[in-house]
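To start, the structure under review is shown below, and the notes come after it.
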Amino acid sequence: MAQVPRKKKRKDSALSLGGGGPVGAVKFGEAGIFLVERRMGSSRRRFLTELARKKGFRVEGQMSESVTHVVSENNSGDEVLELLEKQNGICGTEFTAALVDITWFTESMGAGKPLQLEKRHRLQVKRAAAAGTIAVPVSPHACQRRTTLNNRNRLFTDALNILAENAELSENEGPYLAFTRASSVLKSLPYNVTKMDDLKGIPNLGDHSRKLIEEILEGGTCNEVQDLIQNVRYQTLKKFTSIFGVGVKTADKWFKEGLRTLNELRASTIKFTKQQEAGLLYYEDLILPVTKVEADLIKQIIEEAVHRFLPSAIITLTGGFRRGKEYGHDVDFLITHREEGREEGLISKVISWMTAQGIILYDDITDNSYHKWKYKESETFDRFAKCFSIFKLQKMVHNLEPGRTCSHGSLAANETRGIGLAGHAGSPRHLTATAAKDKDWKAVRVDLVVAPFGQYAYALLGWTGSRLFERDLRRYAKHFGHMILNSHSLFDNKQNTFLLAATEEEIFAHLGLDYIPPQERNA
Ligand code: UTP
Ligand code: MN
């Protein structure tokens, strides 16, 4: 402690500190808290400081000898110590305040008083680098983890994803999220899990997920998963929901009516929506993975079409391909223009032109309805002008199996016009157009989204995914920042104002999060 500059003790020390915000009377002066900003971020630190002070805790704005608890999030004990030594000239060996994890803080807030320190709260310092232990604690929030496509634990994550999918198909939101989070945290680990000890301190792994991992570690497979993949309901709903335009509710209804196969669907008297008709018509193509080569080709086609109407419009590939994936289930694009307003009305012109060229097999255009939106509503869907479409991609070489990049398509030729839905309207019993092996085109799902320039960064962040990364970003914003994040904007409830951002980096900064590049958002 000798090297910490001595500070006169004051009874009102909490009141004397910077940071502003509402301050309650100090009820628990004996515990002095210092929150480490690293990995926590400044806005979350500010928020936690205010929260604790309101509850009567003493939170110090700077490190001093009156600090008894150094609280940090996602840092190891060694890292915190190193930081304090660097920033405050504190000598590690003489340091007496306890280095504790954020769990002590949140539990104390919950209890309304500083809790007795337990072993599990303390950060370990200079621990032996035993094999399998992790240097940096793993965050429970996907938006605070770096998840590349290099998944070292596929054996477990594949199994967990099947349980998650089954829960989703049964509309069990809780288990769906639990298995998805468990799978996601394993994807982020920089090592292969080879024994249960490797999972010490890893968040988001409930009993069920841990049991599954243990079973796979012991015998290579998990019985529950094996049973599921044989299960007729699981198989049927998975197949039905893989049809464009079919959600869980519809799939379940059809299953309950006794339907099991696509041919049974096609032969039935069901009144399909336009989207489902297209989904069935192009089913065999749409279940094929879309390659990055095809995505780039479609980008060229869209650029040509968009620039006819708006020469300096910006077209960005988003979704999984922006995260570095080589294959996707569709291709997502975001379109904008630096002069706000110029993008209005663009989508219908572009789609009309491409339809005339025979490029569009199906389209569903939604107009921008942002003006009708109350920004405080948190919604899953955004209000941008967009088009969910199916493109007709010409191919030079027919075989498009994954792993073989052999597609060199170009704009579909005029003579192919008319293969779209028009010719099939009202005749759902002919819902097969892509079964022919020798056709020279492939149907590909494409989503086009048009954002005004002022919302572009938010739209880009929202459409890059992954789904769980987005979900956790929004949850983090709400719980730790008192902000509402969506694909249009970030609203700060405390300041009662929108926070503008021109780049994704600025959005992460507003949220008090380290910037995570797209390739590391594969949560
Ligand atoms: P996708 O469903 O296309 O997923 O949504 P993906 O990550 O690109 O993966 P694949 O390869 O196609 O399966 C891309 C992102 O766009 C957002 C989602 O949050 C997702 O992260 N999105 C999608 C929306 O915001 N709204 C939508 O209507 C659809
Ligand atoms: Mn996609």
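Numbering (the UniProt record's numbering), first residue to last: 1 to 523. Beta carbons: idealized from backbone N, C-alpha and C, even for Gly. These figures come from a predicted structure and were not determined experimentally.
*asked:* Cutting at 6 Å between CB atoms, please list the residues of its own chain near I314, excluding the five before and the five after it.
replied: T336
What does the alpha-carbon distance come out to for the pair A385 and V306? 14 Å
Residue from K392, P518, Q144 and G345 with nearest C-alpha to F321
P518
ask   = Leaving out five residues before and five after E504 in sequence, what residues of the same chain have Cβ atoms less than 7 Å from its Cβ?
value = A457, L460 and L461
Cβ pair G465, L511 closer than 8 Å:
no
Beta carbon of K292: closer than 7 Å to some heavy atom of the ligand UTP?
-> no
Beta-carbon proximity of L281 to I347, cut-off 8 Å: no
_Taking the straight line between their C-alpha atoms, what separation do you get for K113 and W104?_
11 Å
| query | Where E218 and R146 are concerned, what is the direct C-alpha to C-alpha distance, given to the nearest angstrom? | reply | 29 Å
query = R58 bridges to which residues according to DSSP?
reply = G32
- Task: Check the C-beta distance from E470 over to T148 and give it rounded, since I have them as a contact under 8 Å.
- Result: Actually they do not touch by this definition, with Cβ atoms about 17 Å apart.
query = Hey, is the region 270 to 281 in contact with the region 237 to 246, meaning 3+ C-beta pairs nearer than 8 Å?
reply = yes
Q | Buried versus exposed, by CB contacts within 10 Å (16 or more), E359 | A | One point to set straight first is that residue 359 is Ile, not Glu, in the sequence displayed. I359 comes out buried.
- Message: I need the boundaries of the alpha helix (DSSP H) containing T103, first residue and last residue.
- Response: I102 to A111
Discussion item. Mapping the DSSP letters down to three states, classify L259 as helix, strand or coil.
Written reply: coil
| said: Tell me which residues share the same chain as E60 and place their Cβ nearer than 6 Å to its Cβ, disregarding the 5 neighbours each side in the sequence. | reply: G32, F34 and V67
Pull up the distance between the alpha-carbon of A164 and that of T157, whole angstroms please.
10 Å
Compare the C-alpha of L81 against each of R38, D296, G56 and R45 and name the closest. R38
What three-state label does DSSP hand P163 in the structure shown?
The sequence shown places Leu at residue 163, rather than the Pro named in the question. DSSP places L163 in helix when its eight states are reduced to three.
Short of 6 Å in beta carbon distance, which residues of its chain neighbour A477, apart from the five on each side in sequence? Order them along the chain. M483, L485 and L511
TODO: Could you check if I287 is buried or exposed, using at least 16 other CB atoms within 10 Å of its CB as the buried criterion?
DONE: exposed
- Task: Label V232 either buried or exposed according to how many other C-beta atoms from any shown protein chain fall within 10 Å of its C-beta, with 16 as the threshold for buried.
- Result: exposed
The region 212 to 228 / the region 256 to 269 touching (three or more Cβ pairs under 8 Å): no
Considering L393, what are the terminal residues of the beta strand (DSSP E) in which it resides? A385 to Q394
Could you check the C-alpha separation between K27 and G56 for me, to the nearest Å? 5 Å
How close, in whole Å, do the beta carbons of S72 and V36 come, if the pair is a contact with beta carbons under 8 Å? 4 Å
- [ ] Would you mind listing the alpha helix (DSSP H) stretches within the region 184 to 249 that are 4+ residues and don't spill past its ends, in chain order?
- [x] 207 to 219, 223 to 230 and 232 to 241
Problem - Presumed contact (8 Å Cβ cut-off) between L123 and V100, rounded CB distance - result: 7 Å
Return yes when the Cβ of A142 is within less than 8 Å of the Cβ of S184, no when it is not.
yes
Just to confirm, does H479 get its C-beta within under 7 Å of one of the non-hydrogen atoms of the ligand UTP?
no
- Tell me whether T416 sits in a helix, a strand or coil according to DSSP, three-state version. Here T416 scores only 35 on pLDDT, less than 50, and its place in the model should not be relied on; the value that follows carries that caveat. It is helical.
Which one or two residues does DSSP pair with D285 in a beta bridge? Answer is none; D285 lacks a bridge partner.
Exercise for the section: For the alpha helix (DSSP H) holding S348, just list the boundary residues, first then last. Expected result: L346 to A356
Checklist line | Local Cβ density within 10 Å of N522, reported as buried at 16 or more and exposed below that | finding: buried
#### Entry: Alpha-carbon to alpha-carbon, L155 and E215
11 Å
*Using three-state DSSP, classify S487 as helix, strand or coil.*
coil
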